[in-house]
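Chemist: The sequence shown begins at 0 in our numbering and counts up by one. Virtual Cβ for every residue (Gly too), placed ideally from N, Cα, C. Take this structure, written in structure tokens, and hold onto it; I'll ask about it next.
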Amino acid sequence: MKADIVTIFPDFFRGPLEYGITRRAQEMGLAEIKVHDLREFTHDRHRTVDDRPFGGGEGMVLKPEPLFECLESMGVAPREERLAGRVKQSVVLLSAQGQRLTQKVAAELAVLDRIVLVCGRYEGVDERVADFLADRELSIGDYVLSGGELGAAVIVEAVMRLLPGALGNEASSRQESFTVDARTIDARLKISDGADSTCGSNGLLDYPHYTRPAEFRGIAVPEALMSGNHEEIRKWRRQQALEKTWRNRPDLLEGAALSEEDRKFLIGIRRDGTR
Ligand code: SAM
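Okay, structure coming up:
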């Protein structure tokens, strides 16, 4: 996959792109990430990328010309081709007004050949960029940041770890929070291969994880995990995921794939409170 980031602060990405899975994905040749300095697409002495808003008001707005020129220089496929799905490319404008980034959106981006992430700044970006240059606007959450750079780094990381081979162990991304995967549904039907694969999150939050020592400052690891009994471990993990989701993100229960066993457990916690 190719990922292009357009920003007025290219150095911002020195850290985020050089660690962990994002770095590994690049080293393994799974991803090629390029950062483009928007100011290189200006034509005045001051390398101006912003201007005052029409209609008055506070702040400055990112001008459209450098952004259009920058994307034209990259050889990105025409917008009509992208929107029609004839090429697997997407141009994303980071915006607080965008559709919220979710694991599902990250998965949609991860199957593309190329993503371009356009970082806004100041009061935002001339709306012609959203209307005629970008394919979609994405927000990383309901709060306002000063620029799109953190959002672009978040998208890159969320997408890179979904590229086949990037994690090393594909099972770990299947089981994570929010992830709905066909294999976890198979696992419910008992086509499973051990405790781990039977408790994929299926749209819920992940279950809690523990490692050595078994006892730390008098706090013991839950007994079920020490039992060696796959079925007991599966059940415990699933119930913990259900309880945590119910407590922290009850909205996710609406869309989650729940078994009869899950529903009974949820009725129990709704009645008795936290178990
Ligand atoms: N005036 C805009 C509004 O109220 O929606 C906020 C502009 S913000 C100060 C400047 C830039 O930061 C935006 O153009 C966008 O690129 C980025 N940004 C801010 N919040 C964001 C969010 N939640 N998700 C993604 N990008 C965000």
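Measuring alpha carbon to alpha carbon, tell me which residue in 96, 26, 120 is nearest residue 59.
Modeler: In the sequence shown, counting from the first residue as 1, residue 59 sits at position 60. Checking every option, the nearest Cα to that of residue 59 belongs to 120.
Chemist: Contact between the stretch 123-138 and the stretch 82-102: three or more CB pairs below 8 Å?
Modeler: Result yes; three or more Cβ-Cβ pairs closer than 8 Å.
Chemist: What is the rounded straight-line gap between the Cα of residue 109 and the Cα of residue 219?
Modeler: Walking along the sequence shown from the start, residue 109 turns up at place 110. Walking along the sequence shown from the start, residue 219 turns up at place 220. The straight-line gap from Cα to Cα measures roughly 39 Å.
Chemist: If you run the structure through DSSP and keep just helix, strand and coil, what is residue 197?
Modeler: Here the question's residue 197 lines up with position 198 in the sequence shown. At residue 197 the pLDDT is 41, less than 50, meaning the model places this residue with poor confidence; the figure from the coordinates comes in the next sentence. Helix.
Chemist: In angstroms with no decimal places, state the Cα-to-Cα distance between residue 85 and residue 75.
Modeler: To locate residue 85, count along the sequence shown from 1; it is residue 86. To locate residue 75, count along the sequence shown from 1; it is residue 76. Taking the straight line from one Cα to the other gives about 13 Å.
Chemist: Could you work out which residue in 124, 163, 232 is closest to residue 145 when comparing CA atoms only?
Modeler: Here residue 145 is taken as the residue at index 146 of the sequence shown, counted from 1. When only C-alpha atoms are compared, the closest one is 124.
Chemist: Helix, strand or coil: which one does DSSP assign to residue 130?
Modeler: Within the sequence shown, residue 130 is the residue found at index 131, counting from 1. Residue 130 falls in the helix class under three-state DSSP.
Chemist: By a C-beta neighbour count over all protein chains shown, 10 Å radius and 16 as the cutoff for buried, is residue 7 buried or exposed?
Modeler: Taking the sequence shown and counting its residues from 1, the one referred to as residue 7 is at position 8. The residue in question, residue 7, is buried, as its Cβ has 16 or more Cβ neighbours within 10 Å.
Chemist: Once the 5 residues before and after residue 158 are set aside, which same chain residues still bring their CB inside 6 Å of it?
Modeler: Position 159 of the sequence shown, counted from the start, is the residue given in the question as residue 158. Cβ within range, chain order: 105, 108, 109.
Chemist: Are residue 204 and residue 128 touching if we call contact CB-CB under 8 Å?
Modeler: By one-based count along the sequence shown, residue 204 stands at place 205. By one-based count along the sequence shown, residue 128 stands at place 129. Not a contact, by the Cβ cut-off of 8 Å.
Chemist: Give me the Cα-Cα distance between residue 114 and residue 79, rounded to the nearest whole angstrom.
Modeler: Within the sequence shown, numbered from 1, the residue matching residue 114 stands at position 115. Within the sequence shown, numbered from 1, the residue matching residue 79 stands at position 80. Cα to Cα, the separation comes out at about 15 Å.
Chemist: Which full runs of the beta strand (DSSP E) of 3+ residues lie inside the stretch 17-67, going along the chain?
Modeler: 31-36, all fully within the stretch 17-67.
Chemist: Taking only three categories from DSSP, how would you classify residue 102?
Modeler: Here residue 102 refers to the residue found at position 103 when the sequence shown is read from its first residue. DSSP places residue 102 in helix when its eight states are reduced to three.
Chemist: Classify residue 215 as helix, strand or coil using the three-state DSSP reduction.
Modeler: Walking along the sequence shown from the start, residue 215 turns up at place 216. In this structure, residue 215 counts as strand in the three-state DSSP scheme.
Chemist: Kindly say whether residue 144, judged by its beta-carbon, lies nearer than 8 Å to any beta-carbon of chain C.
Modeler: Within the model displayed, chain C is absent; a lone protein chain is all it includes.
Chemist: If you check the beta carbons only, do residue 232 and residue 240 fall under 8 Å apart?
Modeler: In the sequence shown, the residue the question calls residue 232 occupies position 233. In the sequence shown, the residue the question calls residue 240 occupies position 241. No, the pair does not count as a contact, with Cβ atoms beyond the cut-off.
Chemist: Compute the Euclidean distance between the alpha carbons of residue 183 and residue 216, then round it to the nearest angstrom.
Modeler: Taking the first residue of the sequence shown as 1, we reach residue 183 at position 184. Taking the first residue of the sequence shown as 1, we reach residue 216 at position 217. Annotation note: pLDDT 45 at residue 183 (below 50); position unreliable, coordinate value reported separately. So the alpha carbons of these two residues sit roughly 35 Å apart.
Chemist: Return helix, strand or coil for residue 95, following the three-state DSSP convention.
Modeler: In the sequence shown, residue 95 corresponds to position 96, counting from 1. In the structure shown, residue 95 sits in a strand (DSSP, three-state: E or B).
Chemist: In whole angstroms, what separates the C-alpha of residue 35 from that of residue 14?
Modeler: Translated into positions along the sequence shown, residue 35 becomes position 36. Translated into positions along the sequence shown, residue 14 becomes position 15. Taking the straight line joining both Cα atoms gives about 16 Å.
Chemist: How many angstroms separate the CA atom of residue 163 from the CA atom of residue 169?
Modeler: Numbered from its first residue, the sequence shown carries residue 163 at position 164. Numbered from its first residue, the sequence shown carries residue 169 at position 170. C-alpha separation (whole angstroms): 7 Å.
Chemist: Kindly indicate which three-state DSSP category residue 2 falls into: helix, strand or coil?
Modeler: Mapped onto the sequence shown, residue 2 falls at position 3. Reduced to three states, the DSSP call for residue 2 is strand.
Chemist: Can you tell me where the alpha helix (DSSP H) holding residue 268 begins and where it ends?
Modeler: One-based indexing of the sequence shown puts residue 268 at position 269. That run of the alpha helix (DSSP H) goes 259-271.
Chemist: Look at residue 256 and residue 179 and say whether their C-beta atoms are less than 8 Å apart.
Modeler: Taking the first residue of the sequence shown as 1, we reach residue 256 at position 257. Taking the first residue of the sequence shown as 1, we reach residue 179 at position 180. Yes, Cβ-Cβ distance for residue 256 and residue 179 is below 8 Å.
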